[in-house]
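First the structure, in the form of structure tokens, and then the observations on it.
Number of protein chains: 2
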Amino acid sequence: MLQIAILGFGVVGSGTAEVLYENRKQIADYCGDEVNIKYILDLRDFPDHPLGDRVVHDVNVILNDPEVVLVAEMMGGAHPAYDFTRAALEAGKHVVTSNKEVVATFGAELLEIARTHHASYLFEASVGGGIPIIRPMQTDLASNEILSVSGILNGTTNFILTKMKNEGAAFADVLREAQQKGYAEANPTADVEGIDAARKIVILAALAFGVLADPNRISTKGITGITQEHTAVADKLGCAVKLIGHTEKIDGRVLALVSPFLVPAANPISHVDDVYNGILVDANMLGRALFYGAGAGKLPTASAVVADILDVLSHRASERRLPAWRVATAEDMASSEDYVCRRCYLIEGCQRCAAKAKAALGTEDCVFLEGGTFALISRPMSEKDANAALASTGLTPRFCLPVLD
Amino acid sequence: MLQIAILGFGVVGSGTAEVLYENRKQIADYCGDEVNIKYILDLRDFPDHPLGDRVVHDVNVILNDPEVVLVAEMMGGAHPAYDFTRAALEAGKHVVTSNKEVVATFGAELLEIARTHHASYLFEASVGGGIPIIRPMQTDLASNEILSVSGILNGTTNFILTKMKNEGAAFADVLREAQQKGYAEANPTADVEGIDAARKIVILAALAFGVLADPNRISTKGITGITQEHTAVADKLGCAVKLIGHTEKIDGRVLALVSPFLVPAANPISHVDDVYNGILVDANMLGRALFYGAGAGKLPTASAVVADILDVLSHRASERRLPAWRVATAEDMASSEDYVCRRCYLIEGCQRCAAKAKAALGTEDCVFLEGGTFALISRPMSEKDANAALASTGLTPRFCLPVLD
């Protein structure tokens, strides 16, 4: 019997118990032994739950029990999740987590502590919910140099943008519907302002480039400013508006940012709709690969947590190779102003204005829209250069969105 | 220094050498030691290649060298690839392969031999080229019961179908272009008749359900009969025609088949175009996940071979858990006639004929086309039942294609 503990018995925590129970036979077969939830740490009691007798309120019961080999942390929030994770690793216990805030903020330190104590620290569920992405990047792509990662990393905002596109609805109305359906939280700030996506792209950047950026310090734009004008322009240009977390290297420095992008139909990520997530990895040998699926939800996320549990328990005899992340310094990071891509501008003006803008942005890619506006897509340029070029024409854009080719 | 041997120095074999060389630093870091290609087995000599001095013509040189811990088999074809694989495993060497024919035909036996000799037998590159799919199914989805797998598994036919759709071109013309571009072989039978896809879906079915079917005995339809009529009907119905390998369980038996399908736009697999592959896995906890990328090509396929090499070499201290496959008996397999799905019929006839067909197929989903025909999509029915229901109306369909929802 392999004894584990669950920290946090909310949506993902109780889902993890459910996955372990539902598929218990194949799980026991995979691990070579039954997996038993010995403790559940939560502030609440669950007297009516079949596992209600496992609930404890003091983490030390778990930390001091040598039978517990693994702790699954699904508390959410930075504290006390970080503190309990650290204590568990220091007690030599393996930890798996779905907590992107802890991984994005303290991942470098926790991986180091895990290494020192010959424990594992795995976090497949922290990005892309149930979608396999962390482990494939570490194993299947181990023979590759990662060139870039671009992802739709937040299901709530993707649901909102998909509805805005398909139904011509306004942001505020769709947000309200998403809240009613339970796809968006009562306080949707972390989702709609891109904060959740920022944590996830920071984790993916660390996997790709070994440097963990501060998620609060990368350029992060959400979707609260996206209107029907954006979606209409996108549609006219054969694109979709998507909230994208993107990371690549620029001259040896790591760029990580979150922004609404125009995504052309030729990019497979443009077809990732509704609450789904999709992560596009560009690698030097493999080329582009897309990982698509349920980016959130009780059972999909729990499925990824349990995959980590099985990975740890089935390899418990051998030492694991954990990634070594360095905390990013200011010098490690590239400025989002230096990010080179095509950029879409919507501008009010006549044919002559359009000719000027086309010349300045080095493009012939321009369409006129109703209401005396035109949209054009620049040649690949940095934000700095593109804005300067446009400013030289005296034209002021109504908006500018980067294009994800 | 970790010594390995390459069997077959064709496209994938030389690509594997290239990946090992290009990314040698991170590969050495990952394995904890440098990886060296000690031997290359090929009938030919490569006097001008930097690794030309490693070429041998007798496999026994490799089998009898105790320094060689791993053999990468990329010869293609059943023999002597199977025989050399077997001999290498019996000599206690790990084997990785891109050879779908050998895995689909002899996989159950070779996995058993590997287990007996404490060796590994990995085959990530045998399905989906560079796309991570085998390892994610075995690790990330280990906590799930697999419900079905549906995939665009052959890049050549997907290129042809995409061209037919986008350019209204005829099958024979596009095939000729694909041959000129090197996307299709001079003898394209294995691709266009679905034989290549059948081998791959048999491997995926074995991973999902533990039973290895004979790829020559599953229902296999290719795309040689697909015309502009099919693509036009698909377009009218908001679908794409795709060659799909599909597996699921029906009443405890394994269904595996290859057929052209209509794929509605809501299914992410419908957007997998050109030479790309996409594999959709439906799992009981995760739900649907799509794995998309380059399904063939020198470096992508080599990237998957090297991922397997790294997996073996970085875990060389510990015994690996290999899947146990059983060779399918007739009783293990479901008949494709029992496969329940929606089915699209194109029928010549008037409004009254359409009313009869709609009633027989339990559907209101019907559109009239030019030339006095109508297309309708049945409710989910088995092929047997759908054909019998339609026959009872006296109507003869011009074609029938299953729908992948």
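Chains A and B, in that order, are what the protein sequence lines are. For the first sequence, the numbering used here gives the first residue as 1, with consecutive numbering after it. For the second sequence, the numbering used here gives the first residue as 406, with consecutive numbering after it. Note that the Cβ used here is the ideal one computed from N, Cα and C, for glycine as well. Predicted model only: the values in this text are computed from it and were never measured.
Exercise for review: Please state whether DSSP places A/PRO264 in a helix, a strand or coil.
Suggested key: Within the first sequence, numbered from 1, the residue matching residue 264 of chain A stands at position 264. Here A/PRO264 sits in strand by DSSP.
Point to revise | Closer than 8 Å to chain B by CB, A/MET164 | key: Numbered from its first residue, the first sequence carries residue 164 of chain A at position 164. False, the Cβ-Cβ gap to chain B never drops below 8 Å.
Exercise for review: Mind listing the chain B neighbours of A/GLY130? Cutoff is C-beta to C-beta under 8 Å, in chain order.
Suggested key: If you number the first sequence from 1, residue 130 of chain A lands on position 130. Correct list: MET690, LEU691, GLY692 and ALA694.
Exercise for review: Output the boundary residues of the beta strand (DSSP E) element that contains B/ALA575.
Suggested key: Taking the first residue of the second sequence as position 1, residue 575 of chain B is located at position 170. B/ALA575 -> no beta strand (DSSP E), and no H or E assigned at all.
Point to revise | Neighbouring residues, chain A, relative to B/PRO673 (Cβ below 7 Å) | key: Position 268 of the second sequence holds residue 673 of chain B. What B/PRO673 touches in chain A: HIS271 and TYR292.
Review point. In its own chain, which residues sit with a C-beta less than 6 Å from the C-beta of B/PHE804, not counting the 5 before and 5 after it?
Key: Walking along the second sequence from the start, residue 804 of chain B turns up at place 399. If the five residues before and after B/PHE804 are omitted, its C-beta is found closer than 6 Å to the C-beta atoms of LEU751, all from its own chain and listed in chain order.
Practice item. State buried or exposed for B/TYR364, treating a residue as buried only when at least 16 other CB atoms are found within 10 Å of its CB. Key: Residue 364 of chain B lies beyond the range of chain B shown here (406 to 810); nothing can be said about it.
Review point. So which residues on chain B does A/TYR21 lean against when the C-beta distance must stay under 8 Å?
Key: Taking the first sequence and counting its residues from 1, the one referred to as residue 21 of chain A is at position 21. Residues of chain B passing the Cβ test: none, with the nearest at roughly 11 Å.
Check your understanding: Quick check: the stretch 480-496 of chain B against the stretch 580-599 of chain B, are there 3 or more CB pairs under 8 Å?
Key -> no
Practice item. Going by CA-CA distance only, name the one from B/LYS568, B/VAL424 and B/ASN549 that's closest to A/ALA304. Key: Walking along the first sequence from the start, residue 304 of chain A turns up at place 304. Of B/LYS568, B/VAL424 and B/ASN549, the residue nearest in Cα terms is B/ASN549.
Check your understanding: A/VAL403 and A/CYS366: beta carbons closer than 8 Å?
Key -> Residue numbering aside, residue 403 of chain A sits at position 403 when the first sequence is read from its first letter. Residue numbering aside, residue 366 of chain A sits at position 366 when the first sequence is read from its first letter. Their beta carbons are not under 8 Å apart, which means A/VAL403 does not touch A/CYS366 by this criterion.
Practice item. Please list, in chain order, all residues of the same chain as A/CYS353 whose beta carbon is under 7 Å from its beta carbon, the five residues on each side excluded. Key: Here residue 353 of chain A is taken as the residue at index 353 of the first sequence, counted from 1. Around A/CYS353: ILE347 and LEU395.
Practice item. Give the DSSP-derived three-state secondary structure of B/PHE773 in the structure shown. Key: Taking the second sequence and counting its residues from 1, the one referred to as residue 773 of chain B is at position 368. Looking at B/PHE773 - three-state DSSP - the assignment turns out to be strand.
Review point. Is A/CYS31 helix, strand or coil when you go by DSSP?
Key: Taking the first residue of the first sequence as position 1, residue 31 of chain A is located at position 31. It is helical.
Exercise for review: Could you tell me which of B/PHE614, B/VAL638, B/LYS647 and B/VAL616 sits nearest to B/LYS626, measuring between CA atoms?
Suggested key: In the second sequence, counting from the first residue as 1, residue 626 of chain B sits at position 221. Comparing Cα-Cα distances from B/LYS626 to each of B/PHE614, B/VAL638, B/LYS647 and B/VAL616, the minimum goes to B/LYS647.
Check your understanding: Run through DSSP, which three-state label would A/LYS100 get?
Key -> On the first sequence, position 100 is the one that residue 100 of chain A refers to. If DSSP states are grouped into helix, strand and coil, A/LYS100 belongs with the helices.
Point to revise | Three-state secondary structure (DSSP) of A/ASP409 | key: With chain A represented from 1 up to 405, any question about residue 409 of chain A goes unanswered, as that position is not in the structure.
Check your understanding: Between the stretch 536-555 of chain B and the stretch 647-657 of chain B, do three or more beta carbon pairs fall short of 8 Å?
Key -> yes
Exercise for review: Using alpha carbons as the reference points, say which of B/ALA760, B/ASN621, B/THR421 and B/ALA602 lies closest to B/GLU478.
Suggested key: Within the second sequence, numbered from 1, the residue matching residue 478 of chain B stands at position 73. Nearest C-alpha to B/GLU478: B/THR421.
Review point. Once you ignore the five residues that flank A/ASN284 on each side, which residues in its own chain have a CB closer than 7 Å to its CB?
Key: The residue you call residue 284 of chain A lines up with position 284 of the first sequence. Excluding residues within five positions, the ones whose Cβ falls inside 7 Å are ASN144, GLU145 and LEU147.
Point to revise | Listed by chain order, chain A residues near B/PRO705 by CB distance under 8 Å | key: Translated into the one-based positions of the second sequence, residue 705 of chain B becomes position 300. Residues of chain A passing the Cβ test: MET285, LEU286 and GLY287.
**Study point:** 8 Å Cβ cutoff met for A/VAL56 and A/GLN3
**Key:** Numbered from its first residue, the first sequence carries residue 56 of chain A at position 56. Numbered from its first residue, the first sequence carries residue 3 of chain A at position 3. No, Cβ-Cβ distance for A/VAL56 and A/GLN3 is not below 8 Å.
**Study point:** Three-state secondary structure assigned by DSSP to B/ILE608
**Key:** Position 203 of the second sequence holds residue 608 of chain B. It is helical.
Review point. For the alpha helix (DSSP H) that A/GLY15 lies in, which residues bound it at each end?
Key: Residue mapping note: residue 15 of chain A aligns to position 15 of the first sequence, counting from 1. Membership of A/GLY15 in the alpha helix (DSSP H) is indicated by the continuous run 11-22.
Review point. Name the chain A residues that come within less than 9 Å of B/VAL378, Cβ to Cβ?
Key: Because chain B in this structure spans residues 406 to 810, residue 378 of chain B falls outside the shown range and cannot be described.
Check your understanding: List, in order along the chain, the chain B residues whose C-beta lies closer than 8 Å to that of A/THR323?
Key -> As a first step, residue 323 of chain A is located in the first sequence; it is residue number 323 there, counting from the start. Note that residue 323 of chain A corresponds to Pro in the displayed sequence, not to Thr. Those within 8 Å of A/PRO323 in chain B number zero; the least Cβ separation is about 11 Å.
Review point. Taking buried to mean at least 16 other C-beta atoms within 10 Å of its own C-beta, is B/PRO620 buried or exposed?
Key: Position 215 of the second sequence, counted from the start, is the residue given in the question as residue 620 of chain B. It is buried - the Cβ of B/PRO620 has at least 16 other Cβ atoms within 10 Å.
Point to revise | Residue(s) in a DSSP beta bridge with B/PHE403 | key: As displayed, chain B neither begins before 406 nor continues past 810, which places residue 403 of chain B out of reach and without an answer.
Exercise for review: Quick one: grab the DSSP three-state call for A/GLU413.
Suggested key: Lying outside 1 to 405, the shown extent of chain A, residue 413 of chain A is not represented and no answer is given.
Review point. Buried or exposed: which applies to B/ARG459, given that a residue is buried once 16 or more other Cβ atoms fall within 10 Å of its Cβ?
Key: For the purposes of this step, residue 459 of chain B is identified with residue 54 of the second sequence, where counting begins at 1. That one is buried.
Review point. Using 8 Å as the limit for Cβ to Cβ distance, is B/ASP447 near chain A?
Key: One-based indexing of the second sequence puts residue 447 of chain B at position 42. Output row for B/ASP447: interface = no.
Check your understanding: For a contact meaning CB atoms closer than 7 Å, what does A/THR247 contact in chain B?
Key -> For the purposes of this step, residue 247 of chain A is taken as the residue at position 247 of the first sequence. What A/THR247 touches in chain B: nothing, since even the nearest Cβ is about 18 Å away.
Point to revise | Sequence-distant residues of the same chain with beta carbon closer than 8 Å to B/ILE631, five excluded per side | key: One-based indexing of the second sequence puts residue 631 of chain B at position 226. Cβ contact annotation for B/ILE631 (same chain, cutoff 8 Å, sequence separation greater than five): LEU566, MET569, PHE576, VAL646 and PRO665, in chain order.
Exercise for review: Kindly identify the DSSP beta-bridge partner or partners of A/HIS429.
Suggested key: As displayed, chain A neither begins before 1 nor continues past 405, which places residue 429 of chain A out of reach and without an answer.
Practice item. Would you verify that the beta carbon of A/ALA121 is, or is not, closer than 8 Å to some beta carbon of chain B? Key: Within the first sequence, residue 121 of chain A is the residue found at index 121, counting from 1. According to the sequence provided, residue 121 of chain A is Tyr. The question's Ala does not apply to it. No, its Cβ sits nowhere closer than 8 Å to a Cβ of chain B.
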